[in-house]
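Written out below as structure tokens is the structure these notes cover.
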Amino acid sequence: MLETEIAVIGAGPAGLSAAIEAAQAGAKVLLIDENAKPGGQLFKQIHKFFGSKAHRAGVRGIDIGRQLLQETRESGVKVWLNCVVWGLFEDKVLGIVHEGKSDSIKAKKIILATGASENAVSFPGWTLPGVMGAGAAQTMINIHRVLPGKRILMLGSGNVGLIVSYQLLQAGAEVAAVVEAAPKIGGYGVHASKIRRAGVPIITSHTIKEVIGESQVEAAVIAAVNKEWSLIPGTEKTLEVDTVCIAAGLTPLAELAWMAGCECMYLPELGGYVPIHNEKMESTIRGVYVAGDLAGVEEASCAMEEGRLAGLSVAEELGYLEEHEVKRRREEVVERLKALRIGPFGEQRDKAKQKLVQAWQKKLGQG
Amino acid sequence: MAKEIRSGIEVTGVASIEELKNSPGFPSEKRLKKGPVAVIECVQEIPCDPCEKACPFGAIKVGKPITNLPVLYEDKCVGCGRCIPFCPGLAIFLVDTTFSETEALIKFPYEYLPLPKVNSLVDAVDREGKVVAKAKVVKVETSDKYDHTAVISIAIPKRFVHEVRGIALNRGDKNG
Amino acid sequence: MRVLNHPILGKLERKKIVTITVDGKALQAFEGEPIIAALLANGIRICRKTRKRGEPRFLFCGIGRCTDCVMIVDGIPNVRTCVTPVREGMKIETQIGSGKWSTSDAGN
Numbered sequence: 001m002l003e004t005e006i007a008v009i010g011a012g013p014a015g016l017s018a019a020i021e022a023a024q025a026g027a028k029v030l031l032i033d034e035n036a037k038p039g040g041q042l043f044k045q046i047h048k049f050f051g052s053k054a055h056r057a058g059v060r061g062i063d064i065g066r067q068l069l070q071e072t073r074e075s076g077v078k079v080w081l082n083c084v085v086w087g088l089f090e091d092k093v094l095g096i097v098h099e100g101k102s103d104s105i106k107a108k109k110i111i112l113a114t115g116a117s118e119n120a121v122s123f124p125g126w127t128l129p130g131v132m133g134a135g136a137a138q139t140m141i142n143i144h145r146v147l148p149g150k151r152i153l154m155l156g157s158g159n160v161g162l163i164v165s166y167q168l169l170q171a172g173a174e175v176a177a178v179v180e181a182a183p184k185i186g187g188y189g190v191h192a193s194k195i196r197r198a199g200v201p202i203i204t205s206h207t208i209k210e211v212i213g214e215s216q217v218e219a220a221v222i223a224a225v226n227k228e229w230s231l232i233p234g235t236e237k238t239l240e241v242d243t244v245c246i247a248a249g250l251t252p253l254a255e256l257a258w259m260a261g262c263e264c265m266y267l268p269e270l271g272g273y274v275p276i277h278n279e280k281m282e283s284t285i286r287g288v289y290v291a292g293d294l295a296g297v298e299e300a301s302c303a304m305e306e307g308r309l310a311g312l313s314v315a316e317e318l319g320y321l322e323e324h325e326v327k328r329r330r331e332e333v334v335e336r337l338k339a340l341r342i343g344p345f346g347e348q349r350d351k352a353k354q355k356l357v358q359a360w361q362k363k364l365g366q367g
Numbered sequence: 001m002a003k004e005i006r007s008g009i010e011v012t013g014v015a016s017i018e019e020l021k022n023s024p025g026f027p028s029e030k031r032l033k034k035g036p037v038a039v040i041e042c043v044q045e046i047p048c049d050p051c052e053k054a055c056p057f058g059a060i061k062v063g064k065p066i067t068n069l070p071v072l073y074e075d076k077c078v079g080c081g082r083c084i085p086f087c088p089g090l091a092i093f094l095v096d097t098t099f100s101e102t103e104a105l106i107k108f109p110y111e112y113l114p115l116p117k118v119n120s121l122v123d124a125v126d127r128e129g130k131v132v133a134k135a136k137v138v139k140v141e142t143s144d145k146y147d148h149t150a151v152i153s154i155a156i157p158k159r160f161v162h163e164v165r166g167i168a169l170n171r172g173d174k175n176g
Numbered sequence: 001m002r003v004l005n006h007p008i009l010g011k012l013e014r015k016k017i018v019t020i021t022v023d024g025k026a027l028q029a030f031e032g033e034p035i036i037a038a039l040l041a042n043g044i045r046i047c048r049k050t051r052k053r054g055e056p057r058f059l060f061c062g063i064g065r066c067t068d069c070v071m072i073v074d075g076i077p078n079v080r081t082c083v084t085p086v087r088e089g090m091k092i093e094t095q096i097g098s099g100k101w102s103t104s105d106a107g108n
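Residue numbers (full-length UniProt numbering), protein chains in the order written: chain X, 1 to 367; chain H, 1 to 176; chain R, 1 to 108.
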């Protein structure tokens, strides 16, 4: 069995940040990712990020990703790509398949940064070629440089739906409409305004009734919904599209956390079942930490800060950082994180995160 | 079914004129008559403040917390438009009601291809993407500093100055 | 359709072109791109047909997790085309049902 001090699972913004922080403190870090390239969803985010200068506002996600990769290289983090972690056992042993070979790793500390997966919405015709997750479309256009289709209907007006619609326009596709079941737009107004200026209608209180096509998407029928989310008969409209993207939220990929015995809490405002953790990002299993969308679906900026917190915590636990140094660094990060969780969009997430911390304290006492 | 009055940024994705005029980023009529001035169409509290540092004259302030709506100090604003490419939400514009006898100038951020050609005639659109006028492209600014956000200046008939905020996407030669 | 020029990402890099076959038809692809991207670039939007009703399936999650995009690649079924890079001479086939693992009757 292989051994490592710190294993970080998932090389997205949270995992990269955690690995960098711990390695910069002097710890030996192994960063594992099942994909052929690191970065998680970060390299698909070609738009400029929000926040303040400390959050790298105004910088595009792809460039932040490049900066993180450089820091990862410079801080001596060992990176294993094409490595699936299929098991996490209670004695902090990881079951892995690395480039086709089975193995196991015993780690002193584990940081889970496994992210989240897109939710599916089913309607008649949802299995037709041309119906896909919004993230899939984003991957095709921004990473693989191919259009998933020519004329798209976007289901969901959260930030993902709005941003991916904009990016589809930038890639040269047409967006017939963004359809949103709720009476209000879910994402930021500025993202919505960009696509409205490009002539894309945002149709609230509507959803997809069915998608039609012989062997692929040929049209989508949308209809209005009432307050009980039921379709209102007689309100159907048919839109000629060849692609339907579903942007209906993300759910934390918490399988490894569940396996390890971490207790989870159901918080719909954070995407579903979220591993309970404290402010140091430690789960209910000592030595297992969580960060990023796994710890609650938010944004890449939050993921990076949480990654740093987790990295700091493990470095501290292993004795690589003096108490005053940790305190100083932790305060900086917590302040930046707080700044991202204020305002009408952030408050809800902040309250939910506090519930997690309170639940942790109830179960494990003062951290 | 009764018709609800549905307006406002949360419902349509387009800020209503009331929301805009009530925001601290919107210049007064008096200032608009004087010459070029920034118009910040940012009406929701989200944590974001790059606009503050983008202005070399200190005419934009967000302060703390960074969810504050940006405040335009219109007397400090010289109408240079340097802030335009730095707003991640592409929500800052420049408006010059004094451009000519009959025309106003609108400067806006643009992140599509192809870029329009200077002196060409294009379709000017309002916040809903509706074509409201023909416009002449006066300037197309690109710079490494803008990080792929171009700034386009168009001349439009004066009466559309509060409406026009962009140009129709050209779906012709997008791979050129 | 390929995005040859992009306002943020710039012009598409010149990559090595390889020839692959999809259901016997020779097509061009960029070496190393995922099979699904090569299919989309060549206007193909089907990966497989379901076992019971023969319904068409294609790309769904795009990142190797849902398995909707699996095809038979060089005789091996259930290969996730969204995360498998193309190589010169790769033989790709529309998979019917769950595929067969024995190379003697792979492909159908």
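Note that CB positions come from ideal geometry on N, CA and C, so glycine has one too.
The three-state secondary structure of residue 146 (chain H), taken from DSSP, is helix. Taking 7 Å as the cut-off, the beta carbon of residue 161 (chain H) is found no closer than this to the beta carbon of residue 152 (chain H). For residue 356 (chain X), there is no enclosing beta strand (DSSP E); the enclosing alpha helix (DSSP H) has its first and last residue at 343 to 364. Not a single CB atom of chain X sits nearer than 7 Å to the CB of residue 31 (chain R).
For residue 46 (chain H), same chain residues with a beta-carbon under 7 Å away, outside a window of 5 residues either side, are 67 in chain order. With a beta-carbon spacing of about 16 Å, residue 44 (chain R) and residue 18 (chain R) fall beyond the 8 Å limit used to define contacts. If you check the CB distance, residue 165 (chain X) and residue 179 (chain X) do not come in under 7 Å. If you compare the alpha carbons of X:348, X:113, X:74 and X:365 with that of residue 293 (chain X), the shortest gap goes to X:113.
In the three-state DSSP reduction, residue 19 (chain R) falls in the strand class (E or B). Look at residue 62 (chain R): its C-beta is under 7 Å from a C-beta on chain X.
Of the candidates H:144, H:72 and H:29, H:72 places its Cα closest to the Cα of residue 43 (chain H). A contact is defined here as three or more CB-CB pairs under 8 Å, and the segment 309 to 317 of chain X meets this definition with respect to the segment 3 to 20 of chain X. If you draw a straight line from the Cα of residue 115 (chain X) to the Cα of residue 134 (chain X), it comes to about 16 Å. Remark: C-beta atoms of residue 162 (chain X) and residue 192 (chain X) approach each other more closely than 7 Å. Counted as a single uninterrupted DSSP element, the beta strand (DSSP E) harbouring residue 78 (chain R) occupies residues 76 to 80. Where residue 50 (chain H) is concerned, there is no enclosing beta strand (DSSP E), although the alpha helix (DSSP H) around it starts and stops at 50 to 54. Shown in chain order are the members of the segment 45 to 60 of chain X whose Cβ falls below 9 Å from a Cβ of chain H: 46, 47, 48, 49, 50, 51, 52, 53, 55, 57, 58, 59 and 60. Counting along the chain, residue 96 (chain H) sits inside no alpha helix (DSSP H); it lies in the beta strand (DSSP E) bounded by residues 92 to 96. DSSP, read as helix, strand or coil, puts residue 304 (chain X) in helix.
Classified as exposed, residue 10 (chain R) has fewer than 16 neighbouring CB atoms from the shown chains inside 10 Å of its CB. The Cβ neighbour count for residue 97 (chain R), taken over all protein chains shown within 10 Å, is under 16; the residue is labelled exposed. Taking C-beta atoms under 8 Å as the contact rule, residue 164 (chain H) and residue 132 (chain H) qualify, at a distance of about 6 Å.
For residue 29 (chain X), the closest C-alpha among the options X:63, X:42, X:74 and X:59 is that of X:74. Per DSSP, the beta bridge partners of residue 151 (chain X) are X:174. A distance below 6 Å between beta-carbons, with the five flanking residues on each side excluded, links residue 350 (chain X) to the following residues of its chain, in chain order: 341. The C-beta separation of residue 70 (chain H) from residue 62 (chain H) comes to about 5 Å, placing the pair in contact by the 8 Å criterion.
Nearest to residue 68 (chain R) by alpha-carbon distance, out of X:121, X:348, X:128 and X:38, is X:128. According to the DSSP assignment, residue 63 (chain X) belongs to the alpha helix (DSSP H) that extends over 61 to 74. For residue 112 (chain H), the chain R residues whose C-beta falls within less than 8 Å of its own C-beta are 7, listed in chain order.
In this structure, H:75 is the residue among H:49, H:117, H:53 and H:75 with its C-alpha nearest to the C-alpha of residue 28 (chain H). Membership of residue 252 (chain X) in the beta strand (DSSP E) is indicated by the continuous run 250 to 252. Shown here, residue 71 (chain R) sits in a strand according to DSSP, grouped into three states.
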